[in-house]
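Numbering (our numbering), first residue to last: 843 to 1590. We put the CB at the ideal spot given by N, CA and C, even for glycine. These numbers were taken from a predicted model, which means no experiment stands behind them.
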Ligand code: IVH
């Protein structure tokens, strides 16, 4: 209900306390503990589940006349019955189902084709408004509804995606669908998903005579139900409700694409029956999509903080989704060419997820020949500097770092909340500081004095200017505070392309201070690793795309390939040791490392520090005495119960392996991928492979079962080596694969 009983900080404190308690007492962890929402190792694929009864869809209508027919038809079917209708919003998301047994959530699934869907339990558990348990629920309860993303959540997610250099999602529904398809529940937990429940599947041990009553019970159990519902006695009331909902359409935090009309009495559903695909007792009424026709009278070009040139369509103003639109982004020159957008064209404007309006398509048959083709400027429209496409980027950039547009952008970014949070400096103030040449570079802020800033005027004579006045003090205090902010915030504030909040945190976690970055062996290793993988791909003598032409070439390539693979191993292991990469176990060639710092990010960072601007920036930081430090890591104390103890986890445990790995690390232990002579314990869960266990035994590593691990974690005792039978049941079948010792996997 968006009315939290406690604040975020209190919630976080309680959550951390719970986590700590559960770490100390793993036996207290219950399936419905809030800590069990997130976690879970990535899945290889989704299990399929059968829907019983099938998940049907709704017949759609666009006209009110269709609804009259719908009502007339039903009344003729059951002339002796009387009923009301319920009208509720049609939420534009992804249909899903939740299955509760004895009040405990045991399964969540996508609709799929209606008969068979994907098991997305781990993903859905991350949605906070989905109850993990229902006190007092019937023995079996399947509810159905929609997973969606709010417009603001979607905008925020897209901001993060773009910052990380990924393609933004088209609209909130795509983003929700894409998120549910993620195989890594930890990634899903970062997506702003929510869910609403509006229907029932199979139920045993309870009956709901009316739809409205059922929704009421769902809400009492803690489900989110449609936030707007109207009980309508007859069809005119239904039509009025549909109109009312249309006027409210844009006031919901999520997108709705229509109204759903349902017969309220559930006891007559069976008699009303269904068609092959949809029940007869409900209809969807679709509203017109949020688009409007208008004309592009001009195309202008904006210059962003990193110099990217973005063409913008200036439109004859139209009202769309409740607000007036006069501009729409055209993204880049390729997009303009692809849609063949010309100046003077009549176009459809759509609000994709209520963020920035975009041009959907051109009404080419309305052209009269006066339209003109737009060409991207060859020089920067703000500073006149040179424009270039870097590498294989789609975007064109102004390459003059002194460009005023870039200066303002950099200053705003530097002062923004996720960067150094200097609230007094944003928008108009940033523009004025740059225009009056008080600040050319964000670091100039640190040279401003109090009297200077107090006298600073924003705006000009013509439009009326005002003094910065009291804000001067606030700004200087924020700047002083900024000097002490940690490395990740400063790295983000520096505004290097491809380095968003998350990437900055990842890079910061592997470094001690800012001044280390330009010569960072880690960034260099990440970059080099990227190059080596490319080399390995082109040298691989077994490549099917690029076969060696004769034996001599094959041999030469094999030698070079081996050398590259060796180098990859050395660099990869360094990154693993630094805690920024993981190795995929196995004998694949080249060996597979996955680094949290991506090649693009390392490349950008190193290029920045090697550039004249970057060198100057570092020099100035040094002169100002600023060298941001990494946030202190929570290093487990030397007397932590498992300090220095090395583990390997294998087989299926009662919780995902990363969960146990995290607990071992928190207790000071280390988790390795493969058993070696340094491994103290091999924890073998169900179906553990025989090879690891026999290797462990040959090396004298103690083999434990899960209970043994829990005992160690609880610090109660160090169990004796498990007897031969402890790590059971052991899978026997795989013997063939494991007796073939070195089967190289073909990768390229
Ligand atoms: S009732 C048996 N109610 O619209 C029909 N559906 O094509 C159960 N939807 O697949 C669906 N909001 O994904 C129902 N308030 C609502 C809805 C709703 C959105 C979706 C659902 C369904 C599709 C209909």
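Positions of the beta strand (DSSP E) runs, each at least 3 residues long and wholly inside the region 880–961, are given as 890–892, 927–933, 936–943, 946–952 and 958–960 in order along the chain. In the structure shown, the three-state DSSP call for residue 851 is helix. Contact between residue 1489 and residue 1545 is ruled out by a C-beta separation of about 11 Å, above the 8 Å threshold. Note on geometry: alpha-carbon atoms of residue 1092 and residue 1162 lie some 10 Å from one another. DSSP places residue 1281 outside any beta strand (DSSP E), giving it a letter other than H or E. Inter-residue distance for residue 908 and residue 941 is about 34 Å (C-alpha atoms, whole angstroms). Proximity of the region 875–892 to the region 1113–1126 falls short of the contact definition, fewer than three beta-carbon pairs being nearer than 8 Å. Counted as a single uninterrupted DSSP element, the beta strand (DSSP E) harbouring residue 1201 occupies residues 1199–1204.
Taking every protein chain shown into account, the CB of residue 1336 has 16 or more other CB atoms within 10 angstroms, so this residue is buried. Nearest to residue 1123 by alpha-carbon distance, out of 1133, 1134, 1108 and 1135, is 1108. Distance from the Cα of residue 1105 is smallest, within the candidate group 1096, 1125, 1005 and 1019, for 1125. Here residue 1033 has 999 and 1021 as same chain residues with Cβ atoms under 7 Å from its own Cβ, once five neighbours each way along the sequence are excluded.
Rounded to the nearest angstrom, the gap between the Cα atoms of residue 1237 and residue 1175 is 8 Å. Shortest gap from the CB of residue 932 to any heavy atom of ligand 1: under 7 Å. About 11 Å separates the beta carbons of residue 1247 and residue 1239, which is beyond the 8 Å limit, so they are not a contact pair.
The C-beta separation of residue 1356 from residue 1463 comes to about 7 Å, placing the pair in contact by the 8 Å criterion. Look at residue 1488 here: in three-state DSSP terms it is strand. Between the region 853–867 and the region 1080–1095, the count of C-beta pairs closer than 8 Å stays below three; the two stretches do not touch. A Cβ-Cβ distance of about 18 Å is found for the pair residue 1378 and residue 1418, leaving them out of contact under the 8 Å criterion. With a minimum length of 3 residues, the unbroken runs of beta strand (DSSP E) contained wholly in the region 1081–1134 fall at 1098–1105 and 1124–1128. The Cβ atoms of residue 1448 and residue 1369 sit closer than 8 Å to each other. With respect to residue 1435, residue 1445 sits apart: the two C-beta atoms are not nearer than 8 Å. If you keep only unbroken alpha helix (DSSP H) runs of at least 4 residues inside the region 1263–1327, you get 1269–1277, 1292–1297 and 1313–1324.
For residue 1155, the secondary structure class from DSSP, reduced to helix, strand or coil, is strand. Shortest Cα-Cα distance from residue 1095 to any of 898, 934, 1101 and 1181 involves 934. In this structure, the CA atom of residue 1534 is about 18 Å from the CA atom of residue 1502. If you draw a 10 Å sphere on the C-beta of residue 1496, you find fewer than 16 other C-beta atoms in it, and that means exposed.
At least one heavy atom of ligand 1 lies less than 7 Å from the C-beta of residue 953. For residue 1407, the enclosing alpha helix (DSSP H) stretches over residues 1393–1419. Separation of residue 953 and residue 1273 (C-alpha to C-alpha, rounded to the nearest whole angstrom) is 51 Å.
Annotated three-state conformation of residue 1351 is helix, per DSSP. Membership of residue 1172 in any beta strand (DSSP E) is not indicated, and neither H nor E is assigned to it by DSSP.
If you ignore the 5 residues before and after residue 927, its C-beta comes within less than 7 Å of the C-beta of 1074, 1080, 1103, 1104, 1105 and 1106, all in its own chain and listed in chain order. Cβ contact annotation for residue 1505 (same chain, cutoff 7 Å, sequence separation greater than five): 865 and 1555, in chain order.
Out of 1341, 1188, 1359 and 1221, the CA that lies nearest to the CA of residue 1260 is found in 1341.
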